[in-house]
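Here's the structure, in structure tokens; my notes come after.
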DNA sequence: TGATAATGTGTTTAATTTACACATTAAACA
DNA sequence: TGTTTAATGTGTAAATTAAACACATTATCA
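Chains as they are written, first to last, in my numbering: chain V, 2 to 247; chain X, 2 to 247.
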């Protein structure tokens, strides 16, 4: 919740012509899309950042973003940025929030729409061409350029919430994964430790995993069974109702 | 999740000058704010709509919206619209989603940010001056102008979800309310029937209500006790963790 | 003043979550 | 090659929470 300003109460609506005039002239604003790209590697949640090359933010890291083109759908812009930066095509992408403070950007008025993306680091690894583009452990992300810290915090928090209610997490894992991988993922995202036995029971009872009858290879310990996410099973059993609880 | 387009992978970032040029010239777009104002009256969830005066949408209802000014914070614009239309100052307001399809508005490219607002109809009643501004039962809302039906559906769905996890609902009730009022509210928002006894137990166990030791007045049945929402209690007891469940 | 229809308070049962323990298996190493 | 080690894999009992359900109480209204 935010606090309100005082304004005059008005009565009438505007004509199409008035609106067209406004739309075409004085009231236009630059719109950008910022992508918060999460990855999961070595049991850690990562985020992709790029070095800011603006003097004001010299040395600081920032999110991947670009301006929206006037003839481009908003979602399409988010995909364009992802494709440009990661080379990846079919990725999980979700709009999170729009940030529109007047002075948030040094280049002028830029309202930005934040998108959260989850990608599989294994698939992506070979596509980081730019030296100024790096994966960062989310635990060490602070002091980003612009208002990107706030944007990042918002997205991480939303990820933490959504990953508990929807099967998003699998986008960060390889197709085949062990239950240990899955638990590591949840522990990394939520930044908590969980009971291994209850964690397994929970996922088995949700009935959204398929046992692949394969074992892990080349692990320095007893290999675990491999599973895949079963979207059909999930769709059938998924929760309709949460229940009041706050 | 949406599907991706193909684009070239790029390596470099832009300079401040490049960005300034882009921000100041060709890439600007009209931005609007649309407010989905919910109210609760006669045990029904209502939404405030205004008659569209565009020929293309003659006779259709639409959400309350206006263009964002270049020197105006995004949140401030939402408050301005609310204040203009309802006369209300301190209202619950939350950004929901941004809609940015290229052809969503007949007047040209307009990206719109949707805000959900919850107001107390009792406080507001005297401020509807405009005849073309009306409360509508949400169950009868269909075929809105522009893409407003989609925006409305998104907001209603988000309200249904958030009202179960956070104490938003109280914004729709008077300061003093009975448990029957509260249950009617939840049943109206969620469009379900609930068990009266379990509903009461739930709210008592959440420990966020204060018994005012007052009774309802002028009701055509045995009066119920009146309560108010206790924000301090809520803050102390509120949930930190949801638990994985989908 | 009696019928009616709401409020207000349980209790019992089922389902879910939490806490916790032990057997099994493969890698690592002496 | 056998022993140690550190993981995987499974089960059970207790505690908490949610769901189903019944009855006494109180004010209104005919």
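Every residue, glycine too, gets a C-beta built ideally from N, C-alpha and C. Computed from a prediction, not measured in an experiment: that's the story for all the values here.
The beta carbon of residue 98 of chain V falls within 8 Å of a beta carbon belonging to chain X, placing the residue at that interface.
DSSP places residue 212 of chain V in the strand class (E or B) of the three-state scheme. Residue 102 of chain X belongs to the set of residues whose beta carbon lies under 8 Å from a beta carbon in chain V. With 16 or more other Cβ atoms from the protein chains shown falling within 10 Å of its own Cβ, residue 98 of chain V counts as buried.
Assignment of residue 46 of chain V by DSSP, reduced to helix, strand and coil, places it in the strand class. Pairing residue 218 of chain X with residue 168 of chain X, the inter-Cα distance amounts to about 25 Å. A distance below 6 Å between beta-carbons, with the five flanking residues on each side excluded, links residue 95 of chain X to the following residues of its chain, in chain order: 117.
Taking all protein chains in view, the Cβ of residue 141 of chain X is surrounded by fewer than 16 other Cβ atoms within 10 Å, so the residue is classified as exposed. The residue among X/113, X/103, X/102 and X/106 with its C-alpha nearest the C-alpha of residue 78 of chain X is X/113. Scanning chain V for C-beta atoms nearer than 9 Å to the C-beta of residue 246 of chain X yields 165, 166, 203, 207, 240 and 243, reported in chain order. By the CB criterion at 8 Å, residue 51 of chain V and residue 156 of chain V fall outside the cutoff. Close CB contacts of residue 176 of chain V within its chain, under the 7 Å cut and outside five residues either way in sequence, are with 229 (chain order). Taking the Cα positions, residue 195 of chain X is about 7 Å away from residue 188 of chain X. Annotated as proximal: residue 174 of chain V and residue 41 of chain V, with beta-carbon spacing under 8 Å. When only Cα atoms are considered, residue 193 of chain X and residue 164 of chain V end up about 26 Å apart.
Following the DSSP letters along the chain, one finds residue 83 of chain V inside the alpha helix (DSSP H) bounded by residues 75 to 87. No Cβ of chain V is located within less than 8 Å of the beta carbon of residue 152 of chain X.
The contact set of residue 21 of chain V on chain X, defined by CB atoms closer than 8 Å, consists of 108 and 109 in chain order.
With its beta carbon less than 8 Å from one in chain V, residue 73 of chain X belongs to the interface.
In the structure shown, residue 170 of chain X adopts helical secondary structure according to DSSP, grouped into three states. In this structure, the CA atom of residue 181 of chain V is about 13 Å from the CA atom of residue 202 of chain V.
Straight-line spacing of the CA atoms in residue 178 of chain V and residue 139 of chain V works out to 22 Å. Interface annotation, residue 180 of chain X: not in contact with chain V, CB-CB separation never under 8 Å.
Taken in chain order, the members of the region 23 to 55 of chain V whose beta-carbon sits within less than 7 Å of a beta-carbon on chain X are 23, 24, 25, 28, 29, 30, 31, 32, 51, 54 and 55. Residue burial annotation: residue 158 of chain V is exposed, with fewer than 16 other C-beta atoms found within 10 angstroms of its C-beta.
Taking one beta carbon from each stretch, the region 60 to 67 of chain V and the region 144 to 152 of chain V have 3 or more pairs nearer than 8 Å; the two touch. Rounded to the nearest whole angstrom, the CA to CA distance from residue 44 of chain V to residue 190 of chain V is 10 Å. For residue 70 of chain V, a Cβ of chain X is located within less than 8 Å of the residue's own Cβ. For residue 118 of chain X, the uninterrupted beta strand (DSSP E) segment begins and ends at 111 to 119. For residue 197 of chain X, the closest of X/206, X/207, X/185 and X/208 by C-alpha to C-alpha distance is X/185. Taking C-beta separations shorter than 8 Å and ignoring five residues to either side along the sequence, residue 236 of chain V has no partners in its chain. Within chain V, the residues 245 have their CB atoms less than 8 Å from the CB of residue 187 of chain X, given in chain order. In this structure, DSSP gives residue 157 of chain X a helical state, which the three-state scheme calls helix. With contacts defined as CB atoms closer than 8 Å, residue 67 of chain V and residue 33 of chain V qualify as a contacting pair. Listed in chain order, the non-local C-beta contacts of residue 82 of chain X below 7 Å within the same chain comprise 34, 36, 65, 66 and 67, local neighbours out to five positions each way being set aside.
Going by DSSP, residue 182 of chain X is part of the alpha helix (DSSP H) stretching over 180 to 191.
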